[in-house]
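First residue of the sequence shown: 1, per full-length UniProt numbering; consecutive thereafter.
Beneath this line is the structure, given in structure tokens, with notes to follow.
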Amino acid sequence: MAATGIPAPLTFRYNVADDVPLELDVYLPQHPSSSSNGAALIFFHGGLAPLARGWPVVSIDYRLLPQVDGEAIRQDIISAWRFIVDELPSKLPAFKIDPLRLTAAGQSAGGYLAYLAGAHCHPRPAAVFSIYGISTFNDPFFVEKIQLNEYPLKRADLVHYLDSPSIISGDDSVFDAPSDAPDAADLSGLDRLRIKLDRPALYDYFVQEGLLPAAVGDSRDLDPLQLLDASYPPTITLHGTGDRLVPHYMSSKVVEKLKALGIEAHQFEVEGVDHGFEVFSHAYDRPGSNIWSTYLEKPFLALNKIYGR
1 MAATGIPAPL
11 TFRYNVADDV
21 PLELDVYLPQ
31 HPSSSSNGAA
41 LIFFHGGLAP
51 LARGWPVVSI
61 DYRLLPQVDG
71 EAIRQDIISA
81 WRFIVDELPS
91 KLPAFKIDPL
101 RLTAAGQSAG
111 GYLAYLAGAH
121 CHPRPAAVFS
131 IYGISTFNDP
141 FFVEKIQLNE
151 YPLKRADLVH
161 YLDSPSIISG
171 DDSVFDAPSD
181 APDAADLSGL
191 DRLRIKLDRP
201 ALYDYFVQEG
211 LLPAAVGDSR
221 DLDPLQLLDA
231 SYPPTITLHG
241 TGDRLVPHYM
251 SSKVVEKLKA
261 LGIEAHQFEV
271 EGVDHGFEVF
281 SHAYDRPGSN
291 IWSTYLEKPF
301 LALNKIYGR
């Protein structure tokens with residue numbers, strides 16, 4: 001079910017893996033942009049703001065760590081992309097989606113998936129847009145056992161996520177952002193609240209224990225930073241310079257390498273802000289201010305130029 005204020009999606013099954021049905025949701029804008037010309041966002045973990053501005057958004061369910069490894073997730077993304085390219089246009093006869101005008105976009109771990117889509121999906125995305133995304137797990141940050149919370153996390157706090165037989169993404173809450181979200185610094189006990197309520201605490205635990213590289217797998221096919229080449233799509237990154245959960249340099253390395261390869265790349269930085277800055281932000285509280293004009297307008301102007309819009 002769609003979150004409040006979001007039009008109901010059209011849901012399609014794109015695959016069945018390990019007896020798990022995998023679906024994707026297509027959100028069509030109520031007021032499509034007259035200049036979209038078939039462009040759409042394949043968005044991992046988000047998409048409300050561009051949907052409200054006329055972009056069609058496809059949200060993909062996929063299997064999650066640690067029940068599967070990175071290779072299984074990569075295969076889910078490839079399967080979903082193949083369905084979007086080969087089958088989705090005929091299922092939406094009244095709405096044009098051009099398989100050659102798709103952007104792979106995502107936030108955090110979703111940015112990692114967008115990077116993988118840029119390397120492995122065919123036809124390749126017209127662009128990749130990563131919002132504080134992980135560009136490699138082959139990095140000291142993921143092996144040094146860094147404690148991200150005030151209190152060390154315990155396995156018992158996360159046993160539901162660790163021991164469930166199969167978990168897929170698809171919680172509608174990740175699609176929306178709370179309109180009354182306070183600033184993160186104003187929340188007391190935020191670390192413990194994350195432990196009790198949020199799956200993202202599982203990420204914190206894996207970083208704390210240095211488990212992510214092994215959980216994902218060490219194949220070159222799972223390391224976006226190694227996959228960047230002269231045929232990689234134009235790429236846009238948005239990242240806070242104070243990000244504690246995914247170091248800011250992860251986006252910088254992508255942009256630097258792509259520019260060295262002669263690929264169009266745009267890096268947008270938000271000075272001093274932490275991970276999830278567009279959710280826990282005073283931008284919601286300031287009169288006349290909003291998430292779009294504060295953070296997303298410039299990256300999407302760059303995306304429009306890539307599309308020639």
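Just so you know, even glycine gets a beta-carbon here, dropped at the ideal spot from N, CA and C.
These numbers were taken from a predicted model, which means no experiment stands behind them.
Which residue or residues does DSSP assign as beta-bridge partners of residue i?
i: Gly-106; result: Phe-44 and Ser-130
i: Ile-60; result: Leu-24
i: Leu-238; result: Ile-131 and Phe-268
i: Ile-168; result: Arg-63
Tell whether a beta-carbon distance below 8 Å holds between residue i and residue j.
i: Ile-131; j: Gln-107; result: yes
i: Ile-306; j: Ala-126; result: yes
i: Leu-222; j: Arg-74; result: yes
i: Glu-209; j: Lys-145; result: yes
i: Val-207; j: Leu-113; result: no
i: Ile-168; j: Leu-64; result: yes
i: Ile-78; j: His-120; result: yes
i: His-45; j: Ala-117; result: no
i: Val-216; j: Gly-111; result: no
i: Val-128; j: Pro-233; result: yes
i: Leu-296; j: His-275; result: no
i: Pro-213; j: Phe-142; result: yes
i: Asp-76; j: Ala-8; result: no
i: Tyr-14; j: Ala-80; result: yes
i: Ala-49; j: Trp-292; result: yes
i: Ala-230; j: Leu-261; result: yes
For the beta strand (DSSP E) containing residue i, name the first residue and the last one.
i: His-266; result: 265-270
i: Leu-10; result: 10-17
For residue i, which residues of its own chain have a beta-carbon under 7 Å away from its beta-carbon, when the five flanking residues on both sides are left out?
i: Ser-90; result: none
i: Asp-171; result: Low confidence applies to Asp-171: its pLDDT is 43, below 50, so where it sits in the model is not reliable, and the reading given next is rough at best. Nothing listed; no residue qualifies.
i: Tyr-205; result: Leu-153 and Leu-158
i: Pro-29; result: Leu-51, Gly-54, Trp-55 and Pro-56
i: Arg-82; result: none
i: Tyr-115; result: Val-128, Ser-130, Gly-133, Ser-135 and Pro-224
i: Lys-298; result: Phe-268
i: Ser-252; result: Gln-267
i: Gly-38; result: Lys-96, Ile-97, Asp-98 and Arg-101
Note down, in chain order, each residue of its chain lying with its Cβ closer than 6 Å to the Cβ of residue i, except the 5 sequence neighbours on either side.
i: Thr-11; result: Glu-23 and Asp-25
i: Ala-302; result: Ile-236 and His-266
i: Ser-281; result: Because Ser-281 carries a pLDDT of 49, less than 50, the predicted location of this residue cannot be relied on, and the following value inherits that uncertainty. No residues qualify anywhere along the chain.
i: His-248; result: His-239 and Thr-241
i: Ile-42; result: Val-58, Leu-102 and Ala-104
i: Ile-263; result: Tyr-232
i: Val-273; result: Gly-240 and Gly-242
i: Ser-33; result: Gly-54
What are the boundary residues of the alpha helix (DSSP H) that residue i is part of?
i: Asp-204; result: 200-209
i: Asp-86; result: 70-86
i: Pro-29; result: Neither: Pro-29 is in no alpha helix (DSSP H) and is coded neither H nor E.
i: Lys-305; result: 297-307
i: Ser-251; result: 249-260
i: Leu-94; result: Note on identity: in this sequence residue 94 is Ala, with Leu being the wrong assignment. First-last for Ala-94: undefined, no H or E at that position.
i: Ala-214; result: 212-216
i: Leu-225; result: 224-227
i: Asp-163; result: 159-163
Leaving out five residues on either side along the sequence, give the residues of the same chain with a beta carbon under 8 Å from the beta carbon of residue i.
i: Leu-162; result: Pro-66, Arg-155 and Leu-202
i: Ala-40; result: Trp-55, Pro-56, Val-57, Val-58, Ile-97, Asp-98, Arg-101, Leu-102 and Thr-103
i: Lys-257; result: Leu-225 and Leu-228
i: Asn-270; result: Contrary to the premise, residue 270 reads as Val rather than Asn in this sequence. Leu-238, His-239, Gly-240, Thr-241, Phe-277 and Tyr-295.
i: Val-255; result: Thr-235, Thr-237, Ala-265, His-266 and Gln-267
Could you tell me whether any non-hydrogen atom of the ligand GDP is closer than 7 Å to the CB of residue i?
i: His-31; result: For the structure depicted, the ligand GDP is absent and the ligand set is empty, with no information on it obtainable.
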